[in-house]
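Residue numbers (the numbering used here): 11 to 415.
Idealized CB from N, CA, C, for every residue including glycine.
The structure displayed is predicted, hence computed values, not measured ones.
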Ligand code: ZN
Ligand code: ZN
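What follows is the structure, encoded as structure tokens:
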């Protein structure tokens, strides 16, 4: 039997950036790199367009596309993925919404992320769960300021998902986006939940505790991405590869679970800036022979982008550079790219192409190093969209069936 080629598929969330007016480089170009520099000399490089040119994508749609599922066909709203990633078993009737714990003052949202501090948000989330005659409201904390709300019907009532988000100012009510009864019902249920939860949060002992510690109170809740989980064919059937997902963030674990990847919990992988990168590396190595492709997600590059922190993003890329050494020693093929750009100059996702690098151990003789560079101005040979990424890896590990004779 041929020796199996081990493969790692690595996504640095929001890695792509713009040329900074002060530094004249992107954070990736500016970062001091040893291992990534060695890799780019041995790799095929280039640019990858997440879905359509110029279209900013979310991390959910971005990852669906990277896993080879067209998000225009398969996207279900962020809520269901966040719920799956939190380890929650969603039933077909459940509506899931993404939650942001936020801080309100004098009728205005003053911080949409409670300072990204998750102190006792788990307990707070649990205390917001309750049930009525019709439905159960289940609130779970996931990572940082994020959580998920699941509305589970207790009897046969049909719930729709076509409703407005609840993250606008001035704060209004959630409205149905159609005249359908089921959408109106969902809007009504969400409004009831918001009223009750805000009342509970206002004088919540956990918030008194947070404030006494100098933290922002989580006295408000933003709700977005209402959705039901669609039925997905497993990635093993669609793309003939068995995959495992090494990630900390609930959303990524959720998208991976939805498409049938194995998603273990990794201790220390938090999905934020303090994540234990070595814990992820060790987990990736442990699974390399049990799965055709190990998928690894690293989130913090996106966080630094949203925070407009050039230095932070650059320094974090330098940390990633350090873990590439054990990964290069342990994997035969490594693809690194991003799900979208989150430039520090604009602090949001943009629709620009992102760097991509496909490395293989030189002694395997399965690569054509192009010296194009692994960065936003790459002159490399790869020019593809997200939907083709997985096939590039499968091709290197000899797992694409020949088309024709
Ligand atoms: Zn992302
Ligand atoms: Zn982001």
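Check	Outcome
As assigned by DSSP and simplified to three states, the class of residue 73	helix
Whether residue 417 touches residue 106 by CB criterion (7 Å)	The question about residue 417 has no answer here: the residues shown for the chain are numbered 11 through 415.
Cβ-based neighbour list, residue 281, same chain, cut-off 6 Å, excluding 5 preceding and 5 following	153, 258, 259 and 309
Near ligand 1: residue 24 beta-carbon under 6 Å from a heavy atom	yes
Contact check, residue 395 vs residue 83, beta carbons under 7 Å	no
Check whether residue 406 and residue 343 have beta carbons under 7 Å apart	yes
Residue 360 beta carbon near ligand 2 (any heavy atom closer than 6 Å)	no
Cβ distance (whole Å) where residue 230 is taken to contact residue 114 below 8 Å	4 Å
heavy atom of ligand 2 below 6 Å from residue 312 C-beta	yes
Residue 349 CB to nearest heavy atom of ligand 1 below 6 Å	yes
Under 7 Å between C-beta atoms of residue 52 and residue 379	yes
Cβ-based neighbour list, residue 312, same chain, cut-off 6 Å, excluding 5 preceding and 5 following	23, 24 and 352
contact_flag[the stretch 115-128, the stretch 191-199] where n(CB pairs < 8 Å) is 3 or more	no
Within 7 Å, strictly: CB atoms of residue 55 and residue 367	yes
Contact between the stretch 162-172 and the stretch 295-304 (3+ Cβ pairs under 8 Å)	no
Counted within 10 angstroms of its Cβ, other Cβ atoms place residue 341 as buried (16 or more) or exposed	buried
Close Cβ partners of residue 190 (< 6 Å) along its chain, the five nearest in sequence each way excluded	170
Touching by the beta-carbon criterion (3+ pairs, under 8 Å), the stretch 156-163 and the stretch 180-187	no
Ranges of the alpha helix (DSSP H) found wholly within the stretch 267-302, counting only runs of at least 4	287-296
Spatial distance of residue 392 from residue 155 (CA atoms)	37 Å
Residue interval of the beta strand (DSSP E) (run including residue 3)	What is shown of the chain runs 11 to 415, which leaves residue 3 out entirely.
Closest by C-alpha distance to residue 236, when choosing among 212, 214, 193 and 255	193
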